[in-house]
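Structure, as C-alpha cells:
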Amino acid sequence: MKYLFTLTLFFLLGVGCGQQIPVSNTDAEVPDLYAGNQEDVPPVSAGIDTPPQSDNTMTNINRTINGQEDLASEYSRAVLHTNLGNITVEFFGDKSPKTVNNFLNLAKTGEYDGTKFHRIIADFMIQGGDLLSIDDSKSAMWGTGGPSYRFEDEFNDEPLVRGSLAMANAGPNTNGSQFFIVTAPETPWLDGKHTNFGHVVEGMNVVEAIEASATGPQDRPLSPIVLESIVLEQ
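In full-length UniProt numbering, the protein residues as written are 1 to 234.
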C-alpha cells in the first residue's frame, strides 16, 4: 500500500487512509503515503445544506453527526490523561461544533481510551486518535484507522499555531477520529486544510515531553505513548 518517492523540499506526514499533513509550505506534488480505503467509507453529510434558525443559531442537526449528542453545548474542556501526564484542551464549540461534538462523543464512549500517539515530528506536531492503535497486533496499520464515517470540514478564523488541536484528514471533508496538536510556533500552510477545533490550556509541558520522545521509522515513538482516558469538563 506504500508508494516510494523522493522527498525534496519537505517531509510529509501520512495520517491514515491517504491522510497527510505537510510539514512545510510548498507547491510540490507528492503522492499519498497510503492508498487506504477512503472511498469505501461514506461521508456524513446530514445537515450540510440545512439553513440556520432565524435567531442565527445553529440547529442541532448542523452541530452534530447523526446519532451523536450535542455535548459541545455542555462541555467546553477535556483532560487527556496520558502515560506521560495530563493535557487540558479547550474547544471552539461555537466555531466548529460538529468537529467538537465528534471528538466529545468518541471520548465519552471510550473510543479513544488506550489509543496511542503514533506519529511525532519534533518542532511540528504530535498525532493521535487512530482507533486501530489500541491493538498492538495491528501496528502495521496504525495511521490508517478511524470510525465508520467521514464528515465535513469546519474551518474558522482561528490560526493553527502552537497548542492548536486540529483534525487530520485525507483531503477535503474526510475527518474521522485522528487529531494532532501543533508544537511549531505557527503553521499557516495548514490553515484552511485542517479543522482547528480547540487549543491546549494546561499541560503544554506534557505535549513537549511527548514531542521529545525518541522515534523510529514513520516517526513512530519507540516507547508507547498512551492516551489512557479523556475526562470531559464543563
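Built from N, CA and C at the ideal position, the CB exists for glycine as well.
With DSSP run on the structure shown, which of helix, strand or coil describes Phe91? The answer is strand: DSSP assigns Phe91 an E or B state.
Spell out the partners DSSP gives Glu152 in its beta bridges. Note: Glu152 sits in no beta bridge, so no partner.
Between the alpha carbons of Met125 and Asp191, how many angstroms are there, rounded? Spanning the alpha carbons of Met125 and Asp191 requires a straight line of approximately 14 Å.
Alpha carbon to alpha carbon, how far is Thr99 from Ala214? Rounded to the nearest angstrom, the two C-alpha atoms are 31 Å apart.
Looking at the structure shown, is Leu84 part of a helix, part of a strand, or coil, going by DSSP? The answer is coil: DSSP assigns Leu84 none of H, G, I, E or B.
Could you tell me whether the region 93-109 touches the region 206-213, where touching means 3 or more Cβ pairs closer than 8 Å? In this structure the region 93-109 does not lie against the region 206-213, because fewer than three pairs of beta carbons, one per stretch, are closer than 8 Å.
Less than 8 Å between the CB atoms is what I'm expecting for Tyr75 and Leu106, so what's the real figure, rounded? The Cβ separation is near 13 Å, so there is no contact.
Candidates Leu160, Asp136, Val161 and Met167: closest to Phe151 by CA position: Residue Met167 is the option with its Cα nearest to Phe151.
So what's Ser45 in DSSP terms, helix, strand or just coil? For Ser45, the predicted structure reports a pLDDT of 31, less than 50, and the residue's modelled location is therefore unreliable. The matter cannot be settled from this model.
Decide yes or no for the touch test of the region 62-71 against the region 159-166: beta carbon pairs closer than 8 Å, at least 3 of them. As far as the Cβ criterion goes, the region 62-71 does not touch the region 159-166, which means the pair count is below three.
Excluding sequence positions up to five away, which residues of its chain have a Cβ less than 6 Å from the Cβ of Ser45? Only weak support is given to the placement of Ser45: the predicted model assigns it a pLDDT of 31, under 50, and the value that follows is read from those uncertain coordinates. The same chain holds no residue with a CB closer than 6 Å to that of Ser45 once the five nearest residues on each side in sequence are set aside.
First through last residue of the alpha helix (DSSP H) which encompasses Ala107: Per DSSP, the continuous alpha helix (DSSP H) segment holding Ala107 begins and ends at Pro97 to Lys108.
Can you check whether the CB of Val231 is closer than 8 Å to the CB of Ala78? It is a contact, given that the beta carbons lie within the stated cut-off.
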